[in-house]
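Enquirer:
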Amino acid sequence: MSRDSTPGPGLDPLIHSVGVVAEKDFRDAIKSRALLILGAVFVVFFAAAAFFFADQVQQALDSAANASNASQAQQAQQVRESLDSNAFLDTLTQVTRLLIPLTGIVVSYAALVGERESGTMKLLLALPHSRLSVVLGKLLGRSAVVAVPVLLGFLVAALVFPILGVTLKPVGFLAFALATALVGVVFVAVSLGASAAASTGRRAVVGIVGLYVLFTLLWGQFSNAIFQRISENTDLGNEALIQVFLVLRHVNPVRAYESLVASVGPGSELQARTSVFSGLQGQFFAQTLEQGSGLPVYLTDPALVVYLLLWIVVPVALGYWAFERADL
């Protein structure tokens with residue numbers, strides 16, 4: 671069948687059409703109970719994690735109360751004071767860095783290609799909606815399906831902490847919650863871009879699973895190979911090479927998220943950027959940058975937010991480009 675000939679909408683009709691598609695997508699998630707299930711999963715997960723963390727705090731308090739001498743009591747009290755919500759978030763990152771991107775993928779991989787294969791895409795475009803409004807509407811709808819349960823889970827954890835006697839750092843906690851929702855939207859966008867570009871569901875799954883494995887498991891080897899080529903073919907000094915290395919690591923959205931939320935703690939932005947490297951290597955990188963020009967602007971927290979936003983815009987734009995030219 672030839673491509674739909676619906677003329678490109680103006681700005682106001684486009685906004686209206688995007689809103690209609692997004693609302694329908696969100697309502698469909700509620701009707702299918704996908705949103706309710708995700709909400710329940712994240713509420714239970716974050717609440718259970720908060721209760722477990724609070725139990726660790728209580729054990730530290732008990733140790734302080736039962737200490738046999740002043741030194742042990744002081745040590746136990748120091749441990750207790752360090753166990754605030756920021757410490758909880760630092761532990762939680764190891765789970766959210768894998769769970770949230772995977773959730774975004776599962777929610778969005780079939781958003782467009784699934785409707786193409788079932789034939790409902792032709793009906794949707796005949797309402798009429800343009801292909802652009804369908805892509806943008808799906809992006810907003812699926813993003814809400816991921817972001818709302820994530821933020822709800824964090825809200826429950828924030829309410830649990832004061833009840834259980836854990837010190838809540840509201841600014842850091844809010845920043846972590848927003849960053850986590852943002853990385854979820856990033857993988858909604860990446861998955862949606864693959865869904866828009868793929869002609870079959872199988873191709874969409876293979877593409878997005880490959881990207882997930884690359885971002886979560888193989889990016890270190892991938893970036894190391896690129897860095898090796900750069901270092902061998904340029905005359906850059908140590909500081910410049912370290913900056914290049916850090917940029918290569920942080921264009922990965924998962925690493926950008928990890929590094930961004932690491933800034934929530936007491937450490938500096940520089941410490942957060944080099945936290946991916948352990949031991950002497952991390953210390954060398956940090957000292958070299960500190961003794962040089964410091965952390966460049968393209969490795970600051972705002973820059974990482976820009977990188978994450980680009981991971982929303984670029985995959986969706988590329989997916990739309992392919993989707994606009996596809997014969998449905």
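Its first residue numbered 671, the sequence shown is counted upward by one per residue in this note's numbering. Even for Gly, the Cβ is constructed at its ideal location relative to N, Cα and C. Values in this document were obtained by computation on a predicted structure and should not be read as measured data.
Roughly how many whole angstroms lie between the Cα atoms of Thr944 and Phe758?
Expert: 21 Å
Enquirer: Give me the Cβ distance between Val816 and Thr773, rounded to the nearest whole Å; I'm assuming they're in contact under 8 Å.
Expert: In this structure Val816 touches Thr773 by the C-beta definition: roughly 6 Å separates them, less than 8 Å.
Enquirer: So Pro966 is in the alpha helix (DSSP H); what residue range does that whole segment cover?
Expert: Careful: Pro966 lies outside any alpha helix (DSSP H) and carries neither H nor E.
Enquirer: Taking 8 Å as the cut-off, does the segment 906-917 touch the segment 820-830 (at least 3 CB pairs, one atom from each stretch)?
Expert: no
Enquirer: Provide the residue span of the alpha helix (DSSP H) that contains Gly774, from first to last.
Expert: 755-778
Enquirer: Among the residues of its own chain, which have a CB less than 8 Å from the CB of Gly842, if the five just before and after it don't count?
Expert: Ser755, Asn756, Leu759, Val934, Gly935
Enquirer: For a test of the three-state rule: what should DSSP assign to Pro936, helix, strand or coil?
Expert: coil
Enquirer: Count the other CB atoms, across all protein chains shown, that sit within 10 Å of the CB of Ser803; report buried if there are 16 or more and exposed otherwise.
Expert: buried
Enquirer: Is the beta carbon of Ile833 closer than 7 Å to that of Ser861?
Expert: no
Enquirer: Alpha helix (DSSP H) containing Val883: first to last residue?
Expert: 871-883
Enquirer: Run the CB neighbour count on Pro677, radius 10 Å, all protein chains shown included, and call it buried at 16 or more, exposed below.
Expert: With a pLDDT of 47 at Pro677, under the threshold of 50, the modelled position of this residue cannot be trusted; read the value that follows with caution. Taking every protein chain shown into account, the CB of Pro677 has fewer than 16 other CB atoms within 10 angstroms, so this residue is exposed.
Enquirer: My understanding is that Val986 touches Ala859, with C-beta atoms under 8 Å, so please give their C-beta distance in whole angstroms.
Expert: 5 Å
Enquirer: Quick one: what's got a C-beta closer than 8 Å to Ala868's C-beta in the same chain, skipping five residues either side?
Expert: Val783, Ala874, Gly877
Enquirer: When the Cα of Leu829 is compared with those of His799, Val713, Glu785, Gln891, which residue comes out closest?
Expert: Val713
Enquirer: How about Ala973 and Gly811: are their beta carbons less than 7 Å apart?
Expert: Not a contact, by the Cβ cut-off of 7 Å.
Enquirer: Assuming the contact rule is C-beta atoms closer than 8 Å, Pro819 and Leu705 should be a hit. Round their C-beta distance to whole Å, please.
Expert: 7 Å
Enquirer: Using the Cβ count rule (16 or more neighbours within 10 Å means buried), how would you classify Gln913?
Expert: Gln913 should be labelled buried.
Enquirer: So Ala866 and Gly789 are in contact, right, with Cβ under 8 Å, and what is the actual spacing, rounded?
Expert: Actually they are not in contact, since the Cβ atoms of Ala866 and Gly789 sit about 17 Å apart, beyond 8 Å.
Enquirer: Measure how close the beta-carbons of Ser667 and Arg919 come, nearest whole angstrom, since I'm counting them as under 8 Å.
Expert: The structure shown does not extend to residue 667, since the chain is modelled only from 671 to 998, so the question has no answer here.
Enquirer: Per DSSP, what kind of secondary structure is Pro677 in: helix, strand or coil?
Expert: The predicted model places Pro677 with a pLDDT of 47, which falls under 50 and marks its position as unreliable, so this point remains unresolved.
Enquirer: Excluding sequence positions up to five away, which residues of its chain have a Cβ less than 7 Å from the Cβ of Ile770?
Expert: Val820, Thr850, Val853, Gly854
Enquirer: Using beta-carbon positions only, say whether Glu939 and Thr763 come within less than 7 Å of one another.
Expert: no
Enquirer: Are Val856 and Ile982 close, meaning C-beta to C-beta below 7 Å?
Expert: yes
Enquirer: Rounded to the nearest angstrom, what separates Gln898 and Asp695 at their Cα positions?
Expert: 45 Å
Enquirer: For Ala996, which of helix, strand or coil comes out of DSSP?
Expert: Three-state DSSP puts Ala996 in coil, outside helix and strand.
Enquirer: Is Leu838 closer than 7 Å to Phe831 when the C-beta atoms are compared?
Expert: yes
Enquirer: Roughly how many whole angstroms lie between the Cα atoms of Pro679 and Leu795?
Expert: Its pLDDT being 49, under 50, Pro679 is placed unreliably by the model, and the measurement read from it follows with that caveat. Going from the Cα of Pro679 to the Cα of Leu795 covers about 13 Å.
Enquirer: Using 7 Å as the threshold, is the C-beta distance between Val836 and Ala719 below it?
Expert: no
Enquirer: Just to confirm my understanding: we take Val690, look at its own chain, exclude 5 residues before and 5 after, and list those with CB closer than 6 Å. What are they?
Expert: none
Enquirer: Alpha carbon to alpha carbon, what distance is there between Ala781 and Asp698?
Expert: Cα to Cα, Asp698 sits roughly 12 Å from Ala781.
Enquirer: Among Leu978, Leu793, Trp889, Ala814, which one has its Cα closest to the Cα of Phe915?
Expert: For the set Leu978, Leu793, Trp889, Ala814, the Cα lying nearest the Cα of Phe915 is the one of Trp889.
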